[in-house]
Amino acid sequence: MTKRWRFSRAYRQPDGFHLAAVLLIFSLAGLGLYWGWRTLWFLTDDAYIAFRYVSNSQLGFGYTWNPPPFRPVEGYTSFLWVALLDGIWRLTGVEPPVAANAVAFVFALGTTALGVAMLLLMPLRPALQKIRLPLLVLVLLAVLSNRTYLAWASSGLETAMFNFFVTAWVFCGLFLPQKTMRWLLLLVVTAVFIILSRPDGLLFVAATLILALLTFAEQVKDKRFQARALLTLTPLLIVVVHFLWRKQKYGEWLPNTYAAKYVAAWPESGLRYLFSFVVEYALWFWLILAILFLFQALRTRRAHWQAVADVKTFIFSRFVIDSVIVGTVLAHFAYYTLIIGGDHFEYRVYSQLVLLIFVSAVWLLNRLEFHAVGALVYLGLFILASWPIPWVHWQETNRVHQQDEEFFIHIPIAHRFPVWIRPYMQTFDDVQAWLIDHEVGVRVQEHALFHVYQLQLFPARELGLRLDEDTYPIIVSGGVGVPGWVLPTTAIIDTHGLNDYVIARNPVVLDEERRMAHDRYPPAGYVDCFEPGLQLVGDEKIVVAHQNVDAAQIKRCERISWPPSEGDGKSTSYLPITPDSAPAVHDYLWNNWPADPLYFYFVPPDETSPQPVGALIAAFVAYEGLGCLVLPPHQPAAGNEFLFAFFPDAGRPSLAGLLDDFPWMDFVAEEWDAGRPYHLGYAALMAPAIEAQPQFSQAADWGGQIQLRGYDLHTAVFQPGQTIHLTLYYQTGGAVDAGLTTYTHLVGTAFNPASGGPLWGQDDGEPCRSLYPMTAWPVGSTVIHKVAIPIPADAPPGVYQLNTGFYNWQTGVRLPLTDGAEGVSLTTIEVAPVE
3 MTKRWRFSRA
13 YRQPDGFHLA
23 AVLLIFSLAG
33 LGLYWGWRTL
43 WFLTDDAYIA
53 FRYVSNSQLG
63 FGYTWNPPPF
73 RPVEGYTSFL
83 WVALLDGIWR
93 LTGVEPPVAA
103 NAVAFVFALG
113 TTALGVAMLL
123 LMPLRPALQK
133 IRLPLLVLVL
143 LAVLSNRTYL
153 AWASSGLETA
163 MFNFFVTAWV
173 FCGLFLPQKT
183 MRWLLLLVVT
193 AVFIILSRPD
203 GLLFVAATLI
213 LALLTFAEQV
223 KDKRFQARAL
233 LTLTPLLIVV
243 VHFLWRKQKY
253 GEWLPNTYAA
263 KYVAAWPESG
273 LRYLFSFVVE
283 YALWFWLILA
293 ILFLFQALRT
303 RRAHWQAVAD
313 VKTFIFSRFV
323 IDSVIVGTVL
333 AHFAYYTLII
343 GGDHFEYRVY
353 SQLVLLIFVS
363 AVWLLNRLEF
373 HAVGALVYLG
383 LFILASWPIP
393 WVHWQETNRV
403 HQQDEEFFIH
413 IPIAHRFPVW
423 IRPYMQTFDD
433 VQAWLIDHEV
443 GVRVQEHALF
453 HVYQLQLFPA
463 RELGLRLDED
473 TYPIIVSGGV
483 GVPGWVLPTT
493 AIIDTHGLND
503 YVIARNPVVL
513 DEERRMAHDR
523 YPPAGYVDCF
533 EPGLQLVGDE
543 KIVVAHQNVD
553 AAQIKRCERI
563 SWPPSEGDGK
573 STSYLPITPD
583 SAPAVHDYLW
593 NNWPADPLYF
603 YFVPPDETSP
613 QPVGALIAAF
623 VAYEGLGCLV
633 LPPHQPAAGN
643 EFLFAFFPDA
653 GRPSLAGLLD
663 DFPWMDFVAE
673 EWDAGRPYHL
683 GYAALMAPAI
693 EAQPQFSQAA
703 DWGGQIQLRG
713 YDLHTAVFQP
723 GQTIHLTLYY
733 QTGGAVDAGL
743 TTYTHLVGTA
753 FNPASGGPLW
763 GQDDGEPCRS
773 LYPMTAWPVG
783 STVIHKVAIP
793 IPADAPPGVY
803 QLNTGFYNWQ
813 TGVRLPLTDG
823 AEGVSLTTIE
833 VAPVE
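In the numbering used here, each number is its position in the sequence shown, counted from 1, plus 2.
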């Protein structure tokens, strides 16, 4: 007869001691999990993909990758994770990058609690029943010292949530009374949560339907079936609705990521991925137990199976129910191992197995009739053997604190071990080298560093929010997570296809070296069709190139039947500004760094400017605010034919008040303005026949470096409290000394207590406010400098002099004119009394 063991009453109806012991153990486990979570805490760039979908929902675009008119694409994989983070943001104001890992920790804690429950409810022989609590402690020690379990308690991805629901499904299936309506309902509900967490949950839904069919069939056989039992399946309607919604919204039954990532079965990768997992965590200990159990089962079960005359009895047995549940977990494991080939991330698709492996190890020890000491020793050795490789590897990789230009680095560890065991460790190093070369199982530290690298490379989200989606800013990227979050209103062409319908279906050449989840590339001409015009320089310059793309063109690009192409997009650059296309602009962008963010509008040489040069100059001259306009020489040298305009943040009116005069400024929106200062820049080809002439001519020469040509002053009468808006015209005659800055002073005859002299107003600073330093001006350029001098409210009526000149801001020494004078007296103005 088959042996059966009952639960100890201590765990069905625990007394105070056992309850206190379990609570203490779980509390310590929670602290251990928290320590591990904090130690291995990281965010991966891919997590920001889901964050972008949440962001687009918040911005009113819905769960889509790019704002309309781009086609909706489901590249987020986990609907439940996105919806959960969306809800948290709406209810609490906590954004996904902050909330995600805290939520993941809660799910990991829940998974740990389920493991405790499994160990407490597992039927054990008397020999092991007496050491149930020590076994529980050892299992928790094993799990909470497992790098994979701890790493995927964070990451920002839905992994911890998926693992919790898979573990809950297994717990309900194996550890609760089977074939009851409560049991079936819990299986259905957890299966629904699994499929909403990841599409591979479809396997668990199918298994749940099989279990429901077996349950209902047995009830029909025993004439116990009632129609209301079918109500336990009603939560599956959520799955039906979700699939129909996905088909209606995205046009596909499965997420776009499936098409992008899966190109063909890859067992040679998956088996290496599995082998690495087994070697790293010494899972030979578990495999030995499993093999011994199979031999035992084949011996003892053969006679039992021969005695089963009634097939129906066998079909409805607990053995079949348990086999469906265990088989589902194994089928999921086999799918990722043999079909997908593992995963891009370090053991992510095996992370839900860690707890189950150690819980099942106790079950196997029990079935193999280990005595108490033997079970504790074997489990202890298993745990000790699972530590060296992962933690030595963590120690080695944790020393790398900065992402190099070379990604996917393999770090060997065999040299860290004694000679007698190095061949085993070298095997691990070799398989790791192959995997990482193919971008399989990329280690957590690599992802953590890449996340930091991306954050440093791209501007802050508050800056990206200022780009107006109605002007269709478009950028091209392969690592799209962080840019997707920090550039929420910018359309991003994902060159690996995770979030692009066309690229995800571009055929792959399988005889080339494969790269996990990075095999797809754009068809030839596809990306160019969108005329991507966004370029980032450093983390503070956001450049938008003027393009003629509109909603109709975007839709046309997505609907064209693109012919298959073999990786034409692998090395294509989509930067709108290059040293060849616009040398002067490229040189400016890479050699001048403003203190505050600069939004720069660039008109490529082959595009028509939204504002003709003459209209721009006229509008700039009439503009009452700070800024500068730099016009190239009349006979420009190669690469210096672009004009530049700069509008500093200080004193600049709202954009709404400037769009009539400068229509190109509509690429920036102030709807989501966070209040941080920012500047505006503009560059376009100079029209050859256009010159800028001052209203009043006045010549002055500062040592051949800079010449004054004249100025504009539209009125000479002001009142206290008003601002003098003056326009100065310069021309560069040679290289400008470093450290020079300009001044324009309002000098009266009365004493000003605030200045300690006759100075009643001033505007000091570089003409372009450090946005385009004077040392970078091309020789022969014309510079139009906007000056604004506030008149104090207590300025006495009278005649005042406007003086200007240059000085070294470090020494205060003024740059003398050619005639030896220190400055230029421009004109006089009158401050009239307030009527």
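Ideal placement from N, C-alpha and C gives every residue a C-beta, glycine not left out.
In the three-state reduction of the DSSP assignment, R40 falls in the helix class. Residue pairing of Q764 in beta bridges, as defined by DSSP: H747. In the assembly as shown, G706 is an exposed residue. Its beta-carbon has fewer than 16 other beta-carbons within 10 Å. As computed with DSSP, N805 is found in a beta bridge with H747 and S827. Of the candidates D472, A219 and I359, D472 places its Cα closest to the Cα of E673. If the five residues before and after L87 are omitted, its C-beta is found closer than 8 angstroms to the C-beta atoms of A52, F53, V56, P98, A101, A102 and V105, all from its own chain and listed in chain order. Excluding the 5 residues flanking it on each side, D324 has same chain C-beta neighbours closer than 7 angstroms at L176, in chain order. The alpha-carbon separation between H412 and I212 amounts to approximately 44 angstroms. In summary, I505 is buried, with 16 or more beta-carbon neighbours lying within 10 Å of its beta-carbon over all protein chains present. Within the model, the alpha-carbon separation for G758 versus F604 is close to 45 angstroms.
Taking the Cα of A694 as reference, the smallest distance to any Cα among V375, I327, D714 and P679 is reached at D714.
Judged by beta-carbon spacing, V145 lies beyond the 7 angstroms limit of I197, meaning their Cβ atoms are not closer than that value.
When secondary structure is reduced to three states using DSSP, E76 falls in the coil class, being assigned neither helix nor strand. Cα atoms of A416 and H395: separation of roughly 10 angstroms, rounded to the nearest angstrom.
For C174, DSSP assigns no beta-bridge partner whatsoever. For secondary structure counted as the alpha helix (DSSP H) over 4 or more consecutive residues, the stretch 196-267 holds these complete runs in sequence order: 204-223, 238-252 and 258-263. By the criterion of at least three beta-carbon pairs nearer than 8 angstroms, the stretch 263-282 is in contact with the stretch 436-444. Of the other Cβ atoms in all chains shown, fewer than 16 fall within 10 Å of the Cβ of A752; this residue is therefore exposed.
At the C-beta level, N165 and T113 come within 7 angstroms of one another. For P70, the closest of I556, R816 and T743 by C-alpha to C-alpha distance is I556.
Shown here for Y576: same chain residues with a beta carbon closer than 7 angstroms to its own, the five before and five after excluded, namely V478, V529 and P534 in chain order.
Excluding five sequence positions before and after D765, the CB atoms of its chain that fall closer than 7 angstroms to its own CB belong to T746, V789, A790 and I791, given in chain order. Ranked by Cα distance from I692, the options A617, F318, G782 and A363 are led by A617. Cα atoms of E609 and F63: separation of roughly 30 angstroms, rounded to the nearest angstrom.
Taking all protein chains shown into account, G629 has 16 or more neighbouring C-beta atoms within 10 Å of its C-beta and is therefore buried.
Around L660, the same chain offers M667 as residues with beta carbons nearer than 6 angstroms, after the five sequence neighbours per side are excluded. In the assembly as shown, H498 is a buried residue. Its beta-carbon has 16 or more other beta-carbons within 10 Å. Nearest to Y283 by C-alpha distance, out of T150, L178 and A193, is T150.
Counting only the Cα atoms, D432 lies some 15 angstroms from R418. Taking the C-beta atoms as reference points, T744 is found no nearer than 7 angstroms to F698. Taking C-beta separations shorter than 6 angstroms and ignoring five residues to either side along the sequence, the partners of P509 in its chain run P566, following chain order. A direct Cα-Cα distance of roughly 15 angstroms separates P74 from L61.
Counting C-beta atoms within 10 angstroms of its own C-beta, E371 has fewer than 16 neighbours from the protein chains shown and is therefore classed as exposed.
Note that the stretch 191-211 does not touch the stretch 362-371; fewer than 3 beta-carbon pairs, one per stretch, sit closer than 8 angstroms. Counting along the chain, the unbroken beta strand (DSSP E) around F644 starts and ends at F644 to F649. For H681, DSSP records a beta bridge to L600.
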